Structures are given as structure tokens and as C-alpha cells.
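Input: a single structure, listed below in C-alpha cells.
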Amino acid sequence: YWTHKDGVLELATPPLDGVILPGVVRQSLLDLAQTWGEFRVVERTITMKELLQSLEEGRVREVFGSGTACQICPVHRILYKDKNFHIPTMENGPELILRFQKELKEIQYGTRAHEWMLPV
Numbered sequence: 005y006w007t008h009k010d011g012v013l014e015l016a017t018p019p020l021d022g023v024i025l026p027g028v029v030r031q032s033l034l035d036l037a038q039t040w041g042e043f044r045v046v047e048r049t050i051t052m053k054e055l056l057q058s059l060e061e062g063r064v065r066e067v068f069g070s071g072t073a074c075q076i077c078p079v080h081r082i083l084y085k086d087k088n089f090h091i092p093t094m095e096n097g098p099e100l101i102l103r104f105q106k107e108l109k110e111i112q113y114g115t116r117a118h119e120w121m122l123p124v
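Residue numbers (this note's numbering): 5 to 124.
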């Protein structure tokens, strides 16, 4: 989650190309973000060069992983070519991660109506 070099706030995730697994949590996060309409949501290749440049320019807000076991897990550093790169996820709230966690929990526990939940 960052400000793209074109100045637009963006949630970017790598495409499902064999390295990234398709998952319910991943898709749920993308769907929620798109319904908010507050920032661009894209699936595209993100290079280390692009990420490192964005970090250097102070445009990275949050980085996280998602999956069934952890739901959403903040990333605070990346080791690349024997060098640690600090990710400012926690310094930024983590605003987006906390919002995702809150909304998913409300949907799961039925305290927030959503099309994903059906009465049985």
C-alpha cells in the first residue's frame, strides 16, 4: 500500500502467476478495498527496484501478507541482497491493516451486513 509514482494512492499485489497462491483472504481484501473506492487496487508485477525506490522516496505506507493462517500479517522489514530494508508499516497505523481486520471480523461475526454472509 503506497503512493504510486504517478501520485495516486494504490494497493498493489502481485498477480497469481504460480508464486502467489489464490486464496479467500487475499480475494476478500481486494474485494473490500475495491468497494471502498478510496484508492486504486491493482494486480501487477512489483519489482524490488520499484519497491526500493518507493521506500527511498518515502512513498511506502504499509506492506503485509495475507493467508488463511495469519489473515493479515504486517511486514516491517525485507532482507534483500544481505541488506535489511525497513518498511514503515507500523509507523503508519497500520491504518489499512487495522481497517481490513476490523471489517473482516465484523462480517465474519455478523455484526456488519455484507453480501458474503447468508442466513442459514
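Glycine included, every Cβ here is placed at the ideal spot set by N, Cα and C.
For clarity, every value in this text was computed on a predicted model and none was experimentally measured.
Top-ranked residue by Cα proximity to residue i, from the options
i: CYS74; options: ARG30, ASP35, GLU107 and GLY97; result: ARG30
i: ASP10; options: ARG44, GLU66, GLU107 and ASN88; result: ARG44
i: LEU59; options: THR49, PHE89 and GLN38; result: PHE89
i: HIS80; options: ASP86, ILE91, GLY71 and LYS87; result: ILE91
i: TYR84; options: VAL124, THR51 and TRP120; result: THR51
i: GLU110; options: CYS77, GLY27, LEU20 and LEU36; result: LEU36
i: LEU33; options: GLU61, VAL46, ASP86 and ASP21; result: VAL46
Residue i to residue j span [Cα, whole Å]
i: GLY41; j: TYR5; result: 14 Å
i: THR49; j: THR115; result: 36 Å
i: ALA117; j: PHE104; result: 15 Å
Helix, strand or coil at residue i according to DSSP, with G and I counted as helix
i: ARG63; result: coil
i: GLU95; result: helix
i: ARG116; result: coil
i: GLU110; result: helix
i: ARG81; result: strand
i: ALA73; result: coil
Local Cβ density within 10 Å of residue i, reported as buried at 16 or more and exposed below that
i: ARG65; result: buried
i: PRO98; result: buried
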